[in-house]
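Inspection log for the structure reproduced underneath, given as structure tokens.
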Amino acid sequence: MALAADHLPVCWARRGGAEPVTRRIDLIGMPSDVHSSYLRGCAQAPPLIRAALFSPHGNEASEAGLELGAEIALTDVGDLSLDETLNDDALIEAAIAASLKAGAVPIALGGDHSITYPILRAIAAHHGPVEILHLDAHPDLYDELGGDRRSHACPFARIMEEGLASRLVQVGIRTLNKHQREQAARFGVDMIEMKDFARTPAPIFNKPLYISIDLDGFDPAFAPGVSHYEPGGLSPRDVIDMLLALDCPLVGADVVEYNPTRDVNGVTAVLAAKLVKELAALGSVST
């Protein structure tokens, strides 16, 4: 696994002799925004999310009742040394494959949303096609954007074309144009648009699940540190309650599209860290 030179694997120390519930969680930074279509800056995100997660001013408790350093065995394996070339996909796939082979649940820190495609290639190679819960303002189903088929606006088109997912559920969507509506129909996507969110039952999953959280799925009032503002979005409470209600094996997750250059007082980094903690709790009890 290619890691940044200044970062070695760190295991969150266990306190009081507590043992992890079941599975190790691998935190893997993927600092790339080469496929961003508007503003760059997401490549700077992983260290800042870590700083919020490991801050002495925060806390280790998840709302699921599990704690980092006690029941949750989280290993920070550092940032991949990505060079913004076609080689990056292979590096990402190899890192996720190594984590899965070790029996861990990988949680990726983006970076832009293009990282999800190579992650899912590795996930599907290990587990077979999985179900995906995708939280976002945008469906990211473009066939191409600006001539780039690997754009951060395209990962779920690539994922569905290759049969890497048995089911794709998208929640929080509020930018659906004609092309992406056609793409959603083509791929059989289950979509809960934001305008329908309040009156739509929460999706139910009972198979291996991958969760992809784009921070612009949240209303900008809660997550100003994103490149694409889209008002009328999800609240942190909406998403945390959704995660707490899940009762299925988590095989991996990502938190993407945090752009520190637009954040206000680090509040989006704190939100991203909170999501990592809740995802880690969910992954720890997955079987």
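502 is the number of the first residue of the sequence shown in the working numbering; add one for each residue after it. Ideal placement from N, C-alpha and C gives every residue a C-beta, glycine not left out.
Open item on the list: Spatial neighbours of residue 717 within its chain, please: C-beta separation below 8 Å, excluding the five flanking residues on both sides.
Closed with: 637, 638, 639, 724, 727, 728, 729, 730, 731, 734, 758
- [ ] Could you check which residue in 540, 650, 556, 615 has the C-alpha nearest to that of residue 774?
- [x] 556
Task: Sub-7 Å separation of residue 581 and residue 569 beta-carbons - done: no
TODO: Round the Cβ separation of residue 746 and residue 699 to the nearest angstrom and send it over; I've been treating them as touching at under 8 Å.
DONE: Not quite, the Cβ-Cβ distance comes to about 16 Å (not below 8 Å), so this is no contact.
- [ ] Can you grab the Cα-Cα spacing for the pair residue 755 / residue 719, in whole Å?
- [x] 15 Å
Open item on the list: Let me make sure I understand the geometry here. Which of 767, 722, 609 has the alpha-carbon closest to that of residue 711?
Closed with: 609
TODO: Enumerate in chain order the residues of its own chain whose CB-to-CB distance from residue 594 is below 6 Å, with the five nearest sequence positions on each side excluded.
DONE: 619, 622, 623
Task: Assigned secondary structure, residue 768 (DSSP; H/G/I helix, E/B strand, else coil) - done: helix
- [ ] Report all residues from its chain with a CB closer than 8 Å to the CB of residue 707; omit the five preceding and five following residues, and keep chain order.
- [x] 748, 749
Open item on the list: Please report the distance separating the alpha-carbon of residue 572 from that of residue 565.
Closed with: 11 Å
Task: Assigned exposure category for residue 680 - 16 Cβ within 10 Å defines buried - done: exposed
TODO: Could you tell me which of 701, 546, 553, 753 sits nearest to residue 783, measuring between CA atoms?
DONE: 753
TODO: State yes or no: is the C-beta of residue 695 within less than 7 Å of the C-beta of residue 675?
DONE: yes
Open item on the list: For residue 500 and residue 778, I'd like the C-alpha separation in whole angstroms.
Closed with: With the chain represented from 502 up to 788, any question about residue 500 goes unanswered, as that position is not in the structure.
Open item on the list: What would DSSP say about residue 618, mapped onto helix, strand or coil?
Closed with: helix
Open item on the list: Using only the alpha-carbon positions, how far apart do residue 722 and residue 643 sit?
Closed with: 27 Å
Task: Where residue 718 falls: helix, strand or coil (DSSP) - done: helix
Open item on the list: In whole angstroms, give me the CA-to-CA distance for residue 563 and residue 531.
Closed with: 24 Å
Task: Proximity below 7 Å, CB of residue 613 to CB of residue 536 - done: yes
Open item on the list: Quick check on this structure: which residue in 550, 526, 669 has the alpha carbon closest to the alpha carbon of residue 567?
Closed with: 526
Open item on the list: Looking only at its chain, what residues have a beta carbon closer than 6 Å to the beta carbon of residue 657, apart from the 5 residues adjacent to it on each side?
Closed with: 641, 642
Task: 6 Å Cβ shell around residue 672 - same chain, five flanking residues per side excluded - done: 636, 693
Open item on the list: Pull the bridge partners of residue 669 from the DSSP assignment, please.
Closed with: 633
Open item on the list: Could you check whether residue 654 and residue 538 sit closer than 7 Å to each other, using their CB atoms as the reference points?
Closed with: yes
Task: Segment limits, beta strand (DSSP E) that includes residue 737 - done: Taken as a continuous stretch (DSSP letters only), residue 737 belongs to no beta strand (DSSP E), being part of the alpha helix (DSSP H) at 737-746.
Open item on the list: So for residue 762, helix, strand or coil by DSSP?
Closed with: helix
TODO: Quick one: measure Cβ to Cβ for residue 770 and residue 575, integer angstroms, because I've assumed they're closer than 8 Å.
DONE: That belief does not hold up - the Cβ atoms of residue 770 and residue 575 are roughly 17 Å apart, past 8 Å.
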